[in-house]
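Encoded as structure tokens, the structure appears first; notes follow it.
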Amino acid sequence: MNPSYLRMHQSNQTFVVQLRKKRRSRQIILRALLRLIRFPNLMIVALTQYLVRVCLVGPKGEWWNHLIDVHLLGLAFSTLCIAAAGYIINDYYDIKIDTINKPRRVVVGRIMSRRQAIFAHSFLNFLGIGIGTLIGLRIGLVNFIAAFLLWLYSNQLKRLPFIGNFIVALLTAATLWVVVLYNPQNRLYVYTYSVFAFFITLIREIIKDMEDVRGDATFGCRTLPIVWGIRRTKLFLYFLILTFLITLYSFAPFLPDRLIWYFSLFILLPMLWFVWQLVRADTRSDFGYLSQICKLISVVGVVSMVFV
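So that you can map any letter, position 102 of the sequence shown is 102 in the UniProt record's numbering, and since no number is skipped, the others follow by simple counting.
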């Protein structure tokens, strides 16, 4: 066989292998970046804000106009920028803790340098606050406060008992009621769902602290499970769940009957299952399962907006 042909064939094979490696490397980097900014969570936030505008604020008959509304698009995009920046700065400060709690999911310090993470965090915050201000000064102010609280949470508050959980829950609820800052109609419905978002997020954040107690304790965090212990934290969660359900059903006289039935079937029953599993939970995997149940309940709650 011609030696020149062999060399050309080997060269082509080498080129193909290198091309595949580069393509695989790009895919790994892209997946890591999407994991860093919690892309599925961001999509849920965007969907939630659009459903709030279309289904709660309304009118539903003008849904297409809402979908192409420049102000709503800007609001959703600015919210996603602030949220993504919050996820990045959280991982920036949690490199050592995450190395213990979730070593396979660490991005900052491995795939993205710490300097790149800070730049991305600052750029996204600037973009989110800027776009929010263009929509309205109040939106810009809310985005600024949210960006500051997310930084403060990542830097200090998440290592303290309860206050960090409370801040995250409050900011999650804010992604809903911020929609009515420039669309004040049907505020009661929006506030009902904001209460739902607040409590289910608060419960999930405490569950996540119970899941991550080993890594948190190693680096001196003072979360509820570390300060109180698992048993007392569970008792506090029972109290929160009871308060959540009582508060949610206190809105019942003002809500459509079909929505109350939906809540009873798809929110109350899963919460009862959640409580049963919480009683039995003891290991990290148990608390991880409970966290996923909370996330599922929150998604089901978002979908229920179409029944309003």
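Glycine residues also receive a C-beta, built at the ideal position from the N, C-alpha and C atoms.
**Prompt:** If you run the structure through DSSP and keep just helix, strand and coil, what is V108?
**Reply:** The count along the sequence shown starts at 1 and reaches residue 108 at position 108. V108: strand per DSSP, three-state reduction.
**Message:** In whole angstroms, give me the CA-to-CA distance for I260 and I203.
**Reply:** As a position in the sequence shown, residue 260 is number 260, starting the count at 1. As a position in the sequence shown, residue 203 is number 203, starting the count at 1. Between I260 and I203, the C-alpha separation is close to 22 angstroms.
**Request:** Report the residue from L80, M43 and F198 whose alpha carbon sits nearest the alpha carbon of L124.
**Result:** Taking the first residue of the sequence shown as position 1, residue 124 is located at position 124. When each option's Cα is compared against that of L124, the closest is L80.
**Request:** Determine contact between the stretch 102 to 117 and the stretch 43 to 53, defined as no fewer than three beta-carbon pairs at a distance below 8 angstroms.
**Result:** no
**Prompt:** In whole angstroms, what separates the C-alpha of L224 from that of Y262?
**Reply:** For the purposes of this step, residue 224 is taken as residue 224 along the sequence shown, with counting starting at 1. For the purposes of this step, residue 262 is taken as residue 262 along the sequence shown, with counting starting at 1. Their backbone Cα atoms lie some 33 angstroms apart in a straight line.
**Request:** Below 7 angstroms CB to CB, which residues in the same chain sit around M210 once its five sequence neighbours on both sides are set aside?
**Result:** Locating residue 210 in the sequence shown gives position 210, where the first residue counts as 1. Excluding sequence neighbours, M210 sits near P225, I230, T233 and F287.
**Request:** Whole angstroms is fine: what's the gap from R38's alpha carbon to L235's?
**Result:** What you label residue 38 is simply residue 38 of the sequence shown in a count that begins at 1. What you label residue 235 is simply residue 235 of the sequence shown in a count that begins at 1. Each residue's Cα considered, the two are about 30 angstroms apart.
**Check whether residue 309 and K96 have beta carbons under 8 angstroms apart** = No statement about residue 309 is possible, as the shown extent of the chain runs from 1 to 308 and does not include it.
**Message:** Rounded to the nearest angstrom, what separates D282 and F196 at their Cα positions?
**Reply:** As a working note, residue 282 is residue 282 in the sequence shown. As a working note, residue 196 is residue 196 in the sequence shown. About 26 angstroms.
**Request:** Leaving aside the five residues before and after F244 along the sequence, list all residues of the same chain whose C-beta is less than 6 angstroms from its C-beta, in chain order.
**Result:** Here residue 244 is taken as the residue at index 244 of the sequence shown, counted from 1. Excluding residues within five positions, the ones whose Cβ falls inside 6 angstroms are F199.
**Asked** Is N186 helix, strand or coil when you go by DSSP?
**Response** What you label residue 186 is simply residue 186 of the sequence shown in a count that begins at 1. N186: coil per DSSP, three-state reduction.
**Request:** Under the assumption that L181 contacts L149 (Cβ atoms under 8 angstroms), give the Cβ distance between them as a whole number of angstroms.
**Result:** For the purposes of this step, residue 181 is taken as residue 181 along the sequence shown, with counting starting at 1. For the purposes of this step, residue 149 is taken as residue 149 along the sequence shown, with counting starting at 1. At roughly 17 angstroms, the Cβ-Cβ gap does not stay under 8 angstroms, so L181 and L149 are not in contact.
**Prompt:** So, helix, strand or coil for V213, using DSSP?
**Reply:** Indexing the sequence shown from 1 puts residue 213 at position 213. Helix at V213.
**Asked** Does the pairing of the stretch 297 to 308 with the stretch 55 to 65 give three or more beta-carbon distances under 8 angstroms?
**Response** yes
**Request:** Decide if A252 is buried, meaning its Cβ has at least 16 other Cβ atoms within 10 Å, or exposed.
**Result:** As a working note, residue 252 is residue 252 in the sequence shown. By the neighbour-count rule (16 or more Cβ atoms within 10 Å), A252 is not buried but exposed.
**Item:** Residue from T201, L176, E205 and N183 with nearest C-alpha to Y191
**Value:** Residue mapping note: residue 191 aligns to position 191 of the sequence shown, counting from 1. Comparing Cα-Cα distances from Y191 to each of T201, L176, E205 and N183, the minimum goes to L176.
**Request:** Take L33 and list the residues in its own chain whose beta-carbon comes closer than 8 angstroms to its own, dropping the five residues that flank it on each side.
**Result:** Here residue 33 refers to the residue found at position 33 of the sequence shown. The answer, listed in chain order, is V107, I111 and M112.
**Prompt:** Do you know how far the Cα of I135 is from the Cα of W64?
**Reply:** Taking the sequence shown and counting its residues from 1, one reaches residue 64 at position 64. Taking the sequence shown and counting its residues from 1, one reaches residue 135 at position 135. Whole-angstrom Cα-Cα distance: 20 angstroms.
**Request:** Could you pull the start and end residues of the alpha helix (DSSP H) that C81 belongs to?
**Result:** One-based indexing of the sequence shown puts residue 81 at position 81. Here the alpha helix (DSSP H) through C81 covers V70 to Y93.
**Request:** In angstroms with no decimal places, state the Cα-to-Cα distance between S298 and Q185.
**Result:** Stepping through the sequence shown from its first residue, residue 298 is reached at position 298. Stepping through the sequence shown from its first residue, residue 185 is reached at position 185. Going by the C-alpha atoms only, they are around 23 angstroms apart.
**Request:** May I have the straight-line CA-CA distance separating L268 from V275, to the nearest angstrom?
**Result:** Residue mapping note: residue 268 aligns to position 268 of the sequence shown, counting from 1. Residue mapping note: residue 275 aligns to position 275 of the sequence shown, counting from 1. The straight-line gap from Cα to Cα measures roughly 11 angstroms.
**Request:** Between the Cα of N41 and those of V179, L240, D69 and A84, spot the shortest distance and give me the residue it belongs to.
**Result:** Within the sequence shown, numbered from 1, the residue matching residue 41 stands at position 41. For N41, the nearest C-alpha among the options comes from A84.
**Item:** Option nearest T201 by Cα separation, candidates W228, Y92, I167 and L30
**Value:** Within the sequence shown, numbered from 1, the residue matching residue 201 stands at position 201. Ranking the options by Cα distance to T201, first place goes to I167.
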